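Peer 1: So in our numbering, spot 325 of the sequence shown is number 325, and the numbers just go up one at a time.
One structure, pasted below without further comment.
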Amino acid sequence: MMNGQQYKDSLRKLHPIVYCNGRKIESVVDDPMTAPHVNSAALTYELAFDPEYEDLMTATSHFTGKKINRFTHVHQSTEDLVKKVKMMRMIGQKTGTCFQRCVGFDALNASYITTYKIDKKYGTDYHERLKKYMQYVQETDIMVAGSMTDPKGDRSKKPSQQADPDLFVHVVERREDGIVVRGAKAHQTGMVNSHEMLILPTTNLGPEDKDYAVAAAIPVDAPGVIHIFGRQTNENRRLEGDIDCGNAEYAIVGGETLTVLNDVFVPWDRVFMCGEYDLAQEFVETFASYHRQNYGGCKVGVADVIIGAAASMAEYNGCPKASHIKDKLVEMVHLAESMHCCSIACSAMGHKTEAGSYYVDTLLANTVKLNCTKTMYEISRLAHDIAGGFIATLPYEADYRSEVCHGYIDKYFAGDARFPTEDRIRMARLLENMTGGTALAESMHGAGSPQAMRVMIQRETNWEQKKNFAKRLAKIKTGD
Ligand SMILES: Cc1cc2nc3c(=O)[nH]c(=O)nc-3n(C[C@H](O)[C@H](O)[C@H](O)COP(=O)(O)OP(=O)(O)OC[C@H]3O[C@@H](n4cnc5c(N)ncnc54)[C@H](O)[C@@H]3O)c2cc1C
């Protein structure tokens with residue numbers, strides 16, 4: 001296993017092409033725009049060496065029997081699934097943001113199940129290839145970005161119907177030694193500070209979309225790969241100081257990219273699906289359900305920080321005992337714990353797959369994420385209510401530090417005199433950054449937009465059974 005420093009050192013050895021705000025980033029570890037995201041991911045390495053978290057952060061490889069970082073593990077029990085959720089909540093509490101490594105973790109586990117099914121149907125050997133790749137991931141402890149989402153162009157059209165064929169990643173050449181892929185992956189969390197990416201298909205496919213049915217592992221600095229770093233709310237504050245960032249150490253959300261794949265060669269041993277279009281939907285749903293499981297883990301960890309910040313703001317404002325404030329704080333906890341309950345439940349109700357690994361209860365996992373698309377907004381709304389309007393009107397950090405203005409700001413932004421004004425300002429900035437713009441959009445669209453969960457819930461619900469429950473009590477003849 002690598003520790004946090006070793007992880008950072010390992011990134012220095014890579015040479016991804018990363019564009020950001022009109023320039024090239026030379027070192028993602030050192031550049032102020034990417035460094036906080038690296039710090040956040042580094043905690044997934046560092047905490048694996050902390051005896052307090054060893055049980056959550058590490059696992060035993062079912063391939064080798066060796067101790068590994070849990071983020072490289074293939075779930076071997078429902079207990080593993082539960083530990084994943086608890087681990088994510090714990091890291092969310094420490095970072096207050098996305099620590100990025102779960103996407104690849106889920107992509108690997110989804111591939112473990114789906115490659116087994118492809119091989120069973122077609123007699124291919126993707127599962128064996130994946131097992132070898134996963135052993136390599138476990139041995140080296142690399143971070144793998146989970147790359148499912150294509151740019152998608154016209155959402156009403158299938159990949160092969162798009163005006164531009166590259167709007168979904170596709171195979172443009174099949175060679176004796178491997179394949180060549182072209183296209184792009186959008187919204188790629190943690191991509192620039194990952195070692196490799198695991199690309200998966202993003203939607204169900206028909207026979208005419210055969211070339212779009214591709215899953216493969218690609219180094220982030222492979223020839224032809226270009227990353228364009230996404231802009232986040234308030235990100236330029238990183239260049240100014242630390243107070244206005246709110247969470248200067250770890251930033252907000254995961255540092256997403258548009259990752260372009262310009263005719264990238266992938267050797268066969270890194271290809272895990274190539275043309276089996278009828279299993280693309282299976283791939284998508286398996287990945288999505290694992291990924292939706294997470295939202296009652298990491299987002300609840302983040303919510304724990306928001307709740308703590310709101311409770312602190314109430315104290316700084318001098319009204320922690322007001323009944324409506326206490327009610328609102330209790331409501332926030334209730335919402336957060338409801339998400340957590342769902343994630344624990346979908347894990348505890350998981351089952352063993354044909355491949356031998358464990359998989360979540362999909363109905364419950366999709367319910368978690370659908371809740372999250374509303375709950376994080378409501379938690380943030382309540383936090384804004386408690387904090388007061390100054391989270392939207394505070395002066396610049398530079399003025400707070402200036403000789404002329406410091407005194408005025410310190411005097412007139414004071415709350416309860418027992419607390420320094422700077423603490424009140426710092427907490428407000430943390431809340432502002434954790435509850436606005438980019439942070440909230442991630443709760444909405446990360447792991448799929450709400451409708452995607454509704455479709456899964458519609459499909460996974462046993463409607464006939466429910467109707468029969470009612471019919472029996474109403475003494476109406478049932479069909480069964
Ligand atoms: C912060 C963040 C991090 C992310 N990280 C990753 C990552 O690491 N890896 C990864 O692969 N992906 C990642 N994603 C992508 C995420 O999975 C997508 O954003 C999500 O699937 C929605 O896709 P979209 O953004 O293209 O939205 P759209 O698909 O454009 O959705 C917009 C709206 O249109 C609706 N819509 C879309 N298609 C149709 C249709 N055919 N018919 C009717 N309505 C439709 C949707 O329901 C939604 O309401 C991330 C997203 C965010 C915001």
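Backbone N, C-alpha and C define an ideal beta-carbon position, used for all residues, glycine too.
What you are looking at is a predicted structure, and each value in this text was computed from that prediction instead of being measured.
Here's the rule: buried if 16 or more other CB atoms are within 10 angstroms of the residue's CB, otherwise exposed. What is Asp-289?
Peer 2: Translated into positions along the sequence shown, residue 289 becomes position 289. A quick correction: the sequence has Ser, not Asp, at residue 289. Ser-289 is buried by the Cβ-count criterion.
Peer 1: Expressed to the nearest angstrom, what Euclidean distance is found between the alpha-carbon atoms of Arg-401 and Glu-240?
Peer 2: Stepping through the sequence shown from its first residue, residue 401 is reached at position 401. Stepping through the sequence shown from its first residue, residue 240 is reached at position 240. C-alpha separation (whole angstroms): 12 Å.
Peer 1: Do you know offhand how far Ser-61's Cα is from His-406's?
Peer 2: Start at 1 with the first residue of the sequence shown, and residue 61 comes out as number 61. Start at 1 with the first residue of the sequence shown, and residue 406 comes out as number 406. Their backbone Cα atoms lie some 55 Å apart in a straight line.
Peer 1: Please state whether DSSP places Ser-147 in a helix, a strand or coil.
Peer 2: The sequence position of residue 147 within the sequence shown is 147, counting from 1. Note: Ser-147 maps to strand in three-state DSSP.
Peer 1: Check each candidate in Cys-20, Glu-276 and Lys-299 and name the one with the smallest Cα separation from Tyr-116.
Peer 2: As a position in the sequence shown, residue 116 is number 116, starting the count at 1. The shortest C-alpha separation from Tyr-116 is found at Glu-276.
Peer 1: Identify whether Phe-469 lies in helix, strand or coil by the three-state DSSP scheme.
Peer 2: By 1-based counting over the sequence shown, the position of residue 469 is 469. Three-state DSSP puts Phe-469 in a helix.
Peer 1: Could you tell me which of Glu-378, Thr-435, Val-85 and Gly-479 sits nearest to Asp-106, measuring between CA atoms?
Peer 2: As a position in the sequence shown, residue 106 is number 106, starting the count at 1. Per the Cα distances, Val-85.
Peer 1: Can you give me the C-alpha to C-alpha distance between Thr-124 and Pro-450, rounded to a whole angstrom?
Peer 2: Start at 1 with the first residue of the sequence shown, and residue 124 comes out as number 124. Start at 1 with the first residue of the sequence shown, and residue 450 comes out as number 450. Answer to the nearest angstrom: the Cα atoms are 35 Å apart.
Peer 1: Roughly how far, in whole angstroms, is the beta-carbon of Gln-76 from the beta-carbon of Tyr-358, given that I think they are within contact range, below 8 Å?
Peer 2: As a position in the sequence shown, residue 76 is number 76, starting the count at 1. As a position in the sequence shown, residue 358 is number 358, starting the count at 1. Between Tyr-358 and Gln-76 the Cβ distance is about 6 Å, and since that is below 8 Å, they are a contact.
Peer 1: Cα separation between Ala-186 and Gly-246?
Peer 2: On the sequence shown, position 186 is the one that residue 186 refers to. On the sequence shown, position 246 is the one that residue 246 refers to. Taking the straight line from one Cα to the other gives about 27 Å.
Peer 1: Let me check you understand the geometry: is the CB of Thr-259 closer than 6 Å to at least one non-hydrogen atom of ligand 1?
Peer 2: Here the question's residue 259 lines up with position 259 in the sequence shown. Checking the Cβ of Thr-259 against ligand 1 gives no.
Peer 1: I want to check one thing, is the minimum distance from the CB of His-127 to the heavy atoms of ligand 1 below 6 Å?
Peer 2: Position 127 of the sequence shown holds residue 127. Every heavy atom of ligand 1 is 6 Å or more from the Cβ of His-127, so no.
Peer 1: Pick out whichever of Thr-362, Ala-303, Ala-217 and Gln-293 has its Cα sitting closest to the Cα of His-334.
Peer 2: By one-based count along the sequence shown, residue 334 stands at place 334. Looking at the Cα atoms, Ala-303 is the closest of the given residues.
Peer 1: Is it a yes or a no for the region 339-348 touching the region 426-441, going by three-plus beta-carbon pairs under 8 Å?
Peer 2: Output reads no: the region 426-441 does not touch the region 339-348.
Peer 1: Tell me the DSSP secondary structure of Met-273 in three-state form.
Peer 2: Translated into the one-based positions of the sequence shown, residue 273 becomes position 273. Strand.
Peer 1: Pull up the DSSP beta-bridge partners for Arg-182, would you.
Peer 2: The count along the sequence shown starts at 1 and reaches residue 182 at position 182. DSSP lists His-170 as partners of Arg-182.
Peer 1: Pick out whichever of Ile-476, Met-90 and Ala-309 has its Cα sitting closest to the Cα of Ile-425.
Peer 2: Translated into positions along the sequence shown, residue 425 becomes position 425. Out of Ile-476, Met-90 and Ala-309, Ala-309 has the C-alpha closest to the C-alpha of Ile-425.
Peer 1: Considering Leu-198, what are the terminal residues of the beta strand (DSSP E) in which it resides?
Peer 2: For the purposes of this step, residue 198 is taken as the residue at position 198 of the sequence shown. Here the beta strand (DSSP E) through Leu-198 covers 196-199.
Peer 1: Which residue from Phe-265, Arg-381 and Tyr-212 puts its Cα closest to that of Val-220?
Peer 2: On the sequence shown, position 220 is the one that residue 220 refers to. The residue with the shortest Cα to Cα distance from Val-220 is Phe-265.
Peer 1: Report yes if the C-beta distance between Thr-233 and Met-191 is below 7 Å; otherwise report no.
Peer 2: Along the sequence shown, one-based indexing puts residue 233 at 233. Along the sequence shown, one-based indexing puts residue 191 at 191. Not in contact: Thr-233 and Met-191 (Cβ atoms no closer than 7 Å).
Peer 1: For His-62, does the three-state DSSP call read helix, strand or coil?
Peer 2: Taking the first residue of the sequence shown as position 1, residue 62 is located at position 62. Three-state DSSP puts His-62 in coil, outside helix and strand.
Peer 1: Do you know offhand how far Asp-154's Cα is from Lys-411's?
Peer 2: The residue labelled residue 154 in the question sits at position 154 within the sequence shown. The residue labelled residue 411 in the question sits at position 411 within the sequence shown. Those two C-alpha atoms are separated by around 54 Å.
Peer 1: Apply the 10 Å Cβ neighbour rule to Val-330 and answer buried if 16 or more other Cβ atoms are within range, or exposed otherwise.
Peer 2: As a first step, residue 330 must be located in the sequence shown, where it is residue number 330. So Val-330 counts as exposed.
Peer 1: Between which two residues does the beta strand (DSSP E) harbouring Phe-229 extend?
Peer 2: Indexing the sequence shown from 1 puts residue 229 at position 229. Start and end: 225-229.
Peer 1: Going by other Cβ atoms of all chains shown within 10 Å of its Cβ, with 16 needed for buried, is Gly-446 buried or exposed?
Peer 2: The residue you call residue 446 lines up with position 446 of the sequence shown. Gly-446 is buried by the Cβ-count criterion.
Peer 1: Quick one: grab the DSSP three-state call for Phe-334.
Peer 2: As a working mapping, residue 334 is identified with position 334 in the sequence shown. Per the sequence presented here, residue 334 reads as His, with Phe not at that position. Correct three-state label for His-334: helix.
Peer 1: Could you check the C-alpha separation between Leu-130 and Gln-138 for me, to the nearest Å?
Peer 2: Residue numbering aside, residue 130 sits at position 130 when the sequence shown is read from its first letter. Residue numbering aside, residue 138 sits at position 138 when the sequence shown is read from its first letter. Spanning the two alpha carbons is a distance of roughly 12 Å.
Peer 1: Run the proximity test for His-195: is its beta-carbon closer than 6 Å to any non-hydrogen atom belonging to ligand 1?
Peer 2: Within the sequence shown, the letter at position 195 stands for residue 195. No, the beta carbon of His-195 sits no closer than 6 Å to any heavy atom of ligand 1.
Peer 1: On a CA-only basis, which of Phe-283, Glu-79 and Leu-81 is nearest Thr-202? Give me that one, please.
Peer 2: Position 202 of the sequence shown, counting from 1, holds the residue named residue 202. Answer by Cα proximity: Phe-283.
Peer 1: Anyone know if the C-beta pair for Val-305 and His-340 falls short of 7 Å?
Peer 2: For this step, residue 305 is matched to residue 305 along the sequence shown. For this step, residue 340 is matched to residue 340 along the sequence shown. No. Outside cutoff.
Peer 1: Determine which residues share a DSSP beta bridge with Thr-257 and list them.
Peer 2: As a first step, residue 257 must be located in the sequence shown, where it is residue number 257. Its beta-bridge partners are Phe-229.
Peer 1: Relative to the C-alpha of Ala-41, which residue among Ile-25, Gly-65 and Ser-10 is closest?
Peer 2: To locate residue 41, count along the sequence shown from 1; it is residue 41. Taking only the C-alpha atoms, the option nearest Ala-41 is Ser-10.
Peer 1: Do Ser-111 and ligand 1 come close, with the Cβ less than 6 Å from some heavy atom?
Peer 2: One-based indexing of the sequence shown puts residue 111 at position 111. No.
Peer 1: Applying the 10 Å Cβ sphere with the 16-neighbour rule, what's the burial state of Phe-287?
Peer 2: The count along the sequence shown starts at 1 and reaches residue 287 at position 287. Burial call: buried.
Peer 1: Under three-state DSSP, which class holds Cys-372?
Peer 2: Translated into the one-based positions of the sequence shown, residue 372 becomes position 372. It is helical.
Peer 1: What's the call for Arg-175, buried or exposed, on a 16-neighbour Cβ count within 10 Å?
Peer 2: Indexing the sequence shown from 1 puts residue 175 at position 175. By the neighbour-count rule (16 or more Cβ atoms within 10 Å), Arg-175 is not buried but exposed.
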